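Have a look at the structure below before the remarks.
Number of protein chains: 2
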Amino acid sequence: MELTDRQKQILRAIVDIYVSTAEPVGSKAVAALPDVSCSSATIRNEMAELTQMGLLEQPHTSAGRIPSPAGYRLYIDELMQDYRLSLDETRSLNEALELKSQEFDKMMSQVGKLVSKMTDLPAYTVATRRSEAVAKHFDLIMAGPGSIILVLMLSDDQVKNKLIKLPVSVSESDLKLLAAVLNASLTDLTAEEITGELLEKITRSAGPASPLAPLVMDFTLECLRQQHGDVHLTGQMRLLGQPEYKDAAEKAQEVFETLDEDMISNLPAVLPKDGPVQFLVGPENVAKELKDTSVVMMRFDIGEGMQGTIGVVGPTRMDYAKITAKLGYFAENLGKMFQKGGTAAPPALTDGTDASDKE
Amino acid sequence: MELTDRQKQILRAIVDIYVSTAEPVGSKAVAALPDVSCSSATIRNEMAELTQMGLLEQPHTSAGRIPSPAGYRLYIDELMQDYRLSLDETRSLNEALELKSQEFDKMMSQVGKLVSKMTDLPAYTVATRRSEAVAKHFDLIMAGPGSIILVLMLSDDQVKNKLIKLPVSVSESDLKLLAAVLNASLTDLTAEEITGELLEKITRSAGPASPLAPLVMDFTLECLRQQHGDVHLTGQMRLLGQPEYKDAAEKAQEVFETLDEDMISNLPAVLPKDGPVQFLVGPENVAKELKDTSVVMMRFDIGEGMQGTIGVVGPTRMDYAKITAKLGYFAENLGKMFQKGGTAAPPALTDGTDASDKE
DNA sequence: ATTGGCACTCAGAAGGAAAGAGTGCTAAGC
DNA sequence: GCTTAGCACTCTTTCCTTCTGAGTGCCAAT
Chain A
0 MELTDRQKQI LRAIVDIYVS TAEPVGSKAV AALPDVSCSS ATIRNEMAEL
50 TQMGLLEQPH TSAGRIPSPA GYRLYIDELM QDYRLSLDET RSLNEALELK
100 SQEFDKMMSQ VGKLVSKMTD LPAYTVATRR SEAVAKHFDL IMAGPGSIIL
150 VLMLSDDQVK NKLIKLPVSV SESDLKLLAA VLNASLTDLT AEEITGELLE
200 KITRSAGPAS PLAPLVMDFT LECLRQQHGD VHLTGQMRLL GQPEYKDAAE
250 KAQEVFETLD EDMISNLPAV LPKDGPVQFL VGPENVAKEL KDTSVVMMRF
300 DIGEGMQGTI GVVGPTRMDY AKITAKLGYF AENLGKMFQK GGTAAPPALT
350 DGTDASDKE
Chain B
0 MELTDRQKQI LRAIVDIYVS TAEPVGSKAV AALPDVSCSS ATIRNEMAEL
50 TQMGLLEQPH TSAGRIPSPA GYRLYIDELM QDYRLSLDET RSLNEALELK
100 SQEFDKMMSQ VGKLVSKMTD LPAYTVATRR SEAVAKHFDL IMAGPGSIIL
150 VLMLSDDQVK NKLIKLPVSV SESDLKLLAA VLNASLTDLT AEEITGELLE
200 KITRSAGPAS PLAPLVMDFT LECLRQQHGD VHLTGQMRLL GQPEYKDAAE
250 KAQEVFETLD EDMISNLPAV LPKDGPVQFL VGPENVAKEL KDTSVVMMRF
300 DIGEGMQGTI GVVGPTRMDY AKITAKLGYF AENLGKMFQK GGTAAPPALT
350 DGTDASDKE
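Chains as they are written, first to last, in numbering that gives the first Met the number 0: chain A, 0 to 358; chain B, 0 to 358.
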């Protein structure tokens, strides 16, 4: 069944008002809007019909209406109007984007904190592998008597290292030999292809440095098997700033007992391929503890074989348009930064205006 | 003024009862304890005196007593009885201690989660430098055309790396030369001793690889300047499980607005040299937002030049004895793990930072 | 010095009345 | 036939008031 234009307008108005007030919306409030030209009685009739259709709900008989999950979904898919970031907002986002650290994990964690601060809601970031990783290059560096640094470069351009301490000391040339063997036999293999037999073979041909081999392989396997980087979840407490959790601390607690880092790290898999942004509205979430909770996720590019996700967690009554706009801005600029490569601050972004702002 | 033995016994009983019930303690409840052999009237008299001395407080005229901050302090310093971990508790602590990751930062983060889970309170971990760090060893590895991996070993046994991408390609021998120059002139220097002039000098003598030099030095400086590792703060939501925050979500929010990672990372400086454990009881905390919040911190050893801190945040009414026991157990075993730090499971400091940011 | 007894205090629970916001429906108006 | 004003009705919320009970402080007796 199709909605009339007026019904769409009313639904949109109700979502907009409810999002900002967190109170059920009455017919009077809608009628009072400048671009609504009919009386509250008419609105009441339409509201009754929208309720009939399952797009609105009534907390109790004599209260205003609030959007139902289906109502939110319709709003997101069809009615939501692009939110335009104000100049002030763009400016503070830009200031925020001057990341300090050069280390990837720290950057991701900083980004999460930023997003959380800018949206005033809990946020997370996570990096996910797009395809299976393989080792690209091994190096063994002598760092002192009995101290060896293993450096491992993966196909997704990640570099991992590990300091290994051995009771016996190994000669420089032995290390070279082992490194050569590793590079010859352990590169370009996925985690499954690395077997016990292979380990034996390597150990045999590795010469005096062979005690190192199992340690190297363990570490390599650990690195290859990581499907995603750390989940950086921050600002959980900000959920309490939302009226729906004001006097329901337990609920907020429950949310994050359910939505733990494990669950979050699996969320990117839910994202459809056809767009960078995805909404999980209330009960669309798998777990019933999250029935009043929504998640907005946005994908962004991190070079080779990796993709990043930033997400925001909030009550179902959430300013989807605004959050989407902010996340989009982050995602876009992070993508640029990672592509260009960010040694310094994001150069293109520091001037305060985005190209798209030009009239 | 000295306390009589009986007064001490009563104060201890009141703290113990209050800690477990979170309700003001009445004279009857104390008198009912098996090892108390006087009547409630006597207790009342003693309680009046303890209140006089500022060790107890009365929420209102006709309520029981609760310990004052000074009362908690006295309890911690003199009256607290060692809590003995039960077999069950030790067992689950042991199970928990089987850390999965080999990377240092991930281990610290895991430890934090564990501590939080085991104490059912927010917890944090942080690694701090004991002394100023210097670079010990540089290595430059060719990872592909225009891709160079910088490996940097610090005096505290941390290993950092960074993937650098250059538009031009550099020959293997040029890299060797630059590495040699770096090892000759940039090692054993503190961050202050690394100056612009030095950079110029290095750039001059570095030959064709000289464009790399400033990037290397930037990164080195960033690493050296880090006084402490990431602060891993987790389980904030568990604070809401405490009755004092049940209907005061804002308060909980305030706590973590004040006690952010910045503040936490500076807490270890407060620890006295003479003991591994430190209590910050309510108003002893600097910020007034934390006047009802206590922190228990415990130090532990991580090899060379580094020290770890694990901390637990909770309401002033906190089971100091139990928390201390659990933290102690963690600290002891983590210390062992890090010291052993040989080849087996939990390794010496390994910085698993990946450096997939590109140049 | 300790204890039983008793009057007194005060926070929190329980009950109830009044207020207010919003609806659904009906009948009149364009 | 759609829209609107009017009105009775429903329920939540709020504000009082009352009541209950835990706990104290003090006094007199042991």
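By construction, the Cβ of each residue, glycine as well, lies at the ideal position given by its N, Cα and C atoms.
As the structure is a computational prediction, the values presented were derived from the model and not from experiment.
Using the three-state DSSP reduction, which class does residue i fall into: helix, strand or coil?
{"i": "residue 282/B", "result": "helix"}
{"i": "residue 161/A", "result": "strand"}
{"i": "residue 431/B", "result": "Absent from the model: residue 431/B. The displayed extent of chain B is 0 to 358, so no value can be given."}
{"i": "residue 245/A", "result": "coil"}
{"i": "residue 67/B", "result": "coil"}
{"i": "residue 3/A", "result": "coil"}
{"i": "residue 134/B", "result": "strand"}
{"i": "residue 307/A", "result": "strand"}
{"i": "residue 301/A", "result": "strand"}
{"i": "residue 326/A", "result": "helix"}
{"i": "residue 225/B", "result": "coil"}
{"i": "residue 277/A", "result": "strand"}
{"i": "residue 128/A", "result": "strand"}
{"i": "residue 269/B", "result": "helix"}
{"i": "residue 19/A", "result": "helix"}
{"i": "residue 258/B", "result": "coil"}
{"i": "residue 169/A", "result": "coil"}
Leaving out five residues on either side along the sequence, give the residues of the same chain with a beta carbon under 8 Å from the beta carbon of residue i.
{"i": "residue 193/A", "result": "185, 216, 219, 220, 223"}
{"i": "residue 325/A", "result": "84, 88, 92, 114, 117, 118"}
{"i": "residue 370/B", "result": "Any question about residue 370/B goes unanswered here, given that chain B covers just 0 to 358."}
{"i": "residue 206/B", "result": "173, 176, 177"}
{"i": "residue 233/B", "result": "108, 111, 112, 115, 121, 122, 123"}
{"i": "residue 304/A", "result": "128, 129, 130, 132, 154, 155, 156"}
For chain A, is any of its Cβ atoms less than 8 Å away from the one on residue i?
{"i": "residue 239/B", "result": "yes"}
{"i": "residue 148/B", "result": "yes"}
{"i": "residue 243/B", "result": "no"}
{"i": "residue 221/B", "result": "yes"}
{"i": "residue 136/B", "result": "yes"}
{"i": "residue 236/B", "result": "yes"}
{"i": "residue 169/B", "result": "no"}
{"i": "residue 395/B", "result": "This structure gives no information on residue 395/B, because the portion of chain B shown stretches from 0 to 358."}
{"i": "residue 106/B", "result": "no"}
{"i": "residue 152/B", "result": "yes"}
{"i": "residue 218/B", "result": "yes"}
{"i": "residue 80/B", "result": "no"}
{"i": "residue 101/B", "result": "yes"}
Across which residues does DSSP place residue i in a beta bridge pair?
{"i": "residue 430/A", "result": "Outside the displayed range of chain A (0 to 358) lies residue 430/A, so it cannot be described from this structure."}
{"i": "residue 314/B", "result": "292/B"}
{"i": "residue 232/B", "result": "123/B"}
{"i": "residue 237/B", "result": "In DSSP, residue 237/B forms no bridge with anything."}
{"i": "residue 151/B", "result": "137/B, 159/B"}
With a CB to CB cut of under 6 Å and the five nearest residues on each side skipped, what residues in its chain are close to residue i?
{"i": "residue 356/B", "result": "Below a pLDDT of 50, predicted positions are generally treated as unreliable, and residue 356/B, at 44, falls in that range; no measurement from the model is reported."}
{"i": "residue 106/A", "result": "98, 100"}
{"i": "residue 125/B", "result": "227, 230, 264, 308"}
{"i": "residue 299/A", "result": "307, 330, 333, 334"}
{"i": "residue 82/A", "result": "320, 321, 324"}
{"i": "residue 275/A", "result": "297, 298"}
Would you say residue i lies against chain B (beta-carbon separation less than 8 Å)?
{"i": "residue 122/A", "result": "no"}
{"i": "residue 162/A", "result": "yes"}
{"i": "residue 277/A", "result": "no"}
{"i": "residue 110/A", "result": "no"}
{"i": "residue 158/A", "result": "yes"}
{"i": "residue 357/A", "result": "Confidence is the limiting factor: at residue 357/A the pLDDT is only 38, short of 50, which leaves the residue's position unreliable and the question unanswerable from this model."}
{"i": "residue 255/A", "result": "yes"}
Leaving out five residues before and five after residue i in sequence, what residues of the same chain have Cβ atoms less than 7 Å from its Cβ?
{"i": "residue 364/A", "result": "This structure gives no information on residue 364/A, because the portion of chain A shown stretches from 0 to 358."}
{"i": "residue 57/B", "result": "50, 64"}
{"i": "residue 45/A", "result": "5, 6, 9"}
{"i": "residue 260/B", "result": "230, 232"}
{"i": "residue 250/B", "result": "244"}
Inset, instruction - Output the residue ranges of the alpha helix (DSSP H) runs that lie fully inside the segment 21-81 of chain B and measure 4 residues or longer, sorted by chain position. - result: 26-30, 39-51, 68-73
Legend entry - Every unbroken beta strand (DSSP E) inside the segment 182-217 of chain B [3 residues or more]: none
Legend entry - Secondary structure, alpha helix (DSSP H): runs of 4+ residues fully inside the segment 83-121 of chain A: 86-95, 103-118
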